[in-house]
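For reference, the structure is listed below as structure tokens.
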């Protein structure tokens, strides 16, 4: 943390934290944002297989709200070794999954309507095998920044 505080004192614009198969990126970034006042802090990257797009959107909105919009949202599909070896999910089609993931996050941040998405990788509300049938489209109860860039 001393290095981050020194970077802020020297006028650096941003710091980033990576994520792998041991540490997540969000927890240290939340800590950095809580301990600083000006420097931006970003996830470089949040691994998409580790959290649903709705969870990632909630995380981004919360960190933005708590930090006066200093959170930088870095996302990525990771690699097959981590996705299949650590998260236990098929790596599949990372470009298509990334496009859907970001489209869902943008819809949540825009808050124009309850979330509905029917794609190859994500179905929200879920209606597939094992569904209770009780899922319904929901809209975030907090306002996000529809212009939040993704890195």
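Numbering (the numbering used here), first residue to last: 256 to 406.
Quick reminder that beta carbons are idealized off the backbone N, C-alpha and C, glycines included.
On a predicted model such as this, the values are computed, not experimentally measured, just so you know.
From the DSSP output, read off the bridge partner residues of residue i.
i: residue 298; result: 272
i: residue 379; result: 372
Taking the alpha helix (DSSP H) that residue i falls in, what are its first and last residues?
i: residue 304; result: Neither: residue 304 is in no alpha helix (DSSP H) and is coded neither H nor E.
i: residue 260; result: 257-264
Do residue i and residue j have their CB atoms nearer than 8 Å?
i: residue 308; j: residue 377; result: yes
i: residue 280; j: residue 301; result: yes
i: residue 380; j: residue 391; result: yes
i: residue 337; j: residue 276; result: yes
i: residue 315; j: residue 397; result: no
i: residue 297; j: residue 262; result: no
i: residue 399; j: residue 312; result: yes
i: residue 325; j: residue 295; result: yes
i: residue 284; j: residue 318; result: yes
i: residue 366; j: residue 395; result: yes
i: residue 282; j: residue 259; result: no
If distances are taken between C-alpha atoms only, which option among the options comes closest to residue i?
i: residue 393; options: 298, 274, 364; result: 364
i: residue 299; options: 370, 356, 398, 333; result: 333
i: residue 256; options: 289, 356, 266; result: 289
i: residue 375; options: 348, 285, 293; result: 348
i: residue 331; options: 258, 356, 285, 342; result: 356
i: residue 346; options: 258, 305, 328, 286; result: 305
i: residue 267; options: 362, 350, 293; result: 293
i: residue 310; options: 341, 373, 361, 323; result: 361
i: residue 354; options: 373, 368, 327, 382; result: 373
In chain order, each alpha helix (DSSP H) run of at least 4 residues that lies wholly inside the segment 286-373: 308-321, 335-340, 349-365
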